[in-house]
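Reviewing the structure listed below.
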Amino acid sequence: MSRHTRVAGIVGWPARHSLSPRLHGFWLREHRVDGAYIPLPVRVTDFSAALAGFRAAGLAGVNVTIPHKHAAYAIAQRCDEASRIAGAANLLLFREDEIEARNTDIAGLQASLVAECGPDAFRGIRVVVLGAGGAARAAVLACDALKPAEIFVLNRTERRAATVVHNLDGFVSAKSASGGLEMWDEVGPTTSLVIHATSAGMDGTAPLALDLCLLPADALVCDLVYRPLETPLLAQARHLGLRRIDGLGMLMHQAVPAFEAFYGIRPGVTEGLRAELEQALRE
Ligand code: NDP
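Printed below as a string of structure tokens:
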């Protein structure tokens, strides 16, 4: 560290379990950047005061995670289109006299899907997004950019799925519909991409009881949960010989524009980075 060290970090509660310091730390070393990236645990009630402090202390900006993504959007004076549509931000940049909010989750998931299957693999297909929280909203917007024909949002609480579809109406080109999880039996057999965006199955909690046998043999299963890296849903997909994307894909790709904004270098998503994060998860 020097007098010129650029400092950024991840604000969340809890923030100690975040993989982001490890992720950005890998790139800082790889590119020999005079920078630091630290966990910044902040309670909901302290969010705005903490941000003012980080800004006054000269941080370049912060990533924002659970439970602050909506507050981060609300507190900013300027925002990009993605955060405006999502109503949530995962990146705050401290400018001279304002805070700028961005949402890189949407582009991150989109980049992860394209990296795996190419940009045209999703045209005209049926997508099912499971969940109705912030990750599910990001998933709907990320998928829509890849031009599918239909997006179904299914959630345990059906009303919340309907709200997601209603709120994104006008921003989504694909035909979109919502339902409860029981609708899976009906839509599963003609679905080409399933994105699991609920928190079920995270950290050993009970997974979603979803029968992937219904899917066509060439379907793709994407799980946004990355603790554990192979979730019960991805394990089921592996047993069935289905194509799979784990939650590290989105995590790595959403961090690329954040690192570039903090430190001025656009880093790459490489096998080396993945190995570093897999090691961090094993620890
Ligand atoms: P939210 O808390 O906003 O939403 C949680 C969702 O999960 C709700 O739809 C909720 O349903 C559903 N849910 C929770 N428990 C169950 C259960 N037992 N059975 C069925 N549904 C359940 O969370 P987020 O949207 O912010 O995050 C969701 C997941 O995505 C998290 O695991 C998070 O770690 C992951 N994520 C991964 C990212 C990545 O980079 N890979 C980025 C962002 C998030 P209901 O409405 O009925 O309560």
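Residues in the sequence shown are numbered from -10 upward in steps of one, following the working numbering. Backbone N, C-alpha and C fix where the C-beta goes; we use that ideal spot for every residue, glycine too.
Item                                                                                                           : Value
Beta-carbon spacing of PHE36, GLY(-2) below 9 Å                                                                : no
Which listed residue (ARG91, GLU219 and THR146) has its alpha carbon closest to that of ASP192                 : GLU219
Proximity winner among LYS58, MET(-10) and ALA41, relative to TYR26 (alpha-carbon distances)                   : MET(-10)
Length of the line joining the Cα atoms of LEU135 and ARG(-8)                                                  : 44 Å
Segment contact flag, the stretch 174 to 192 with the stretch 147 to 159, C-beta cutoff 8 Å, min 3 pairs       : no
For ASN156, the three-state DSSP class (helix, strand or coil)                                                 : helix
Three-state secondary structure (DSSP) of PHE83                                                                : strand
Any non-hydrogen atom of the ligand NDP within 8 Å of MET191 CB                                                : yes
Residues near GLN99 in its chain [Cβ-Cβ closer than 7 Å; skip 5 each side]                                     : ALA131, ALA134 and LEU135
Span of the alpha helix (DSSP H), counted from its first residue to its last, around LYS279                    : For residue 279 there is no data in the structure shown, the boundaries of the chain being -10 and 272.
C-beta contact flag for ASP174 and LEU213 at 9 Å                                                               : no
Same chain, Cβ closer than 8 Å to ARG227, neighbours up to 5 away in sequence not counted                      : GLU219 and ARG233
Inter-stretch contact (C-beta, 8 Å, three-pair minimum) for the stretch 120 to 127 and the stretch 86 to 104   : yes
Residue range of the unbroken beta strand (DSSP E) whose run includes ALA110                                   : Element bounds for ALA110: n/a, residue is neither H nor E.
Rounded C-alpha distance that separates ALA39 from ALA63                                                       : 15 Å
Alpha-carbon to alpha-carbon, LEU262 and PHE15                                                                 : 7 Å
Whether LEU119 touches LEU29 by CB criterion (9 Å)                                                             : no
Distance CB(GLN225)-CB(LEU209) smaller than 9 Å                                                                : no
Residue range of the unbroken beta strand (DSSP E) whose run includes PRO30                                    : 24 to 30
Contiguous beta strand (DSSP E) assignments of at least 3 residues, all confined to the stretch 120 to 147     : 139 to 144
Which listed residue (MET239, VAL245, TYR252 and ALA269) has its alpha carbon closest to that of GLU105        : MET239
ARG255 CB to nearest heavy atom of the ligand NDP below 8 Å                                                    : no
Under 9 Å between C-beta atoms of ALA65 and ALA49                                                              : no
Identity of the residues DSSP links to ASP212 by a beta bridge                                                 : HIS185
For GLY238, the first and last residue of its enclosing alpha helix (DSSP H)                                   : 237 to 252
N- and C-terminal bounds of the alpha helix (DSSP H) containing ILE74                                          : 70 to 75
Rounded separation between ALA150 and GLY123 - CA only                                                         : 11 Å
Integer-rounded CB distance, given that LEU8 should sit under 8 Å from ALA250                                  : Wrong, their Cβ atoms sit about 19 Å apart, outside the cutoff.
Sequence-distant residues of the same chain with beta carbon closer than 6 Å to ALA244, five excluded per side : LEU12
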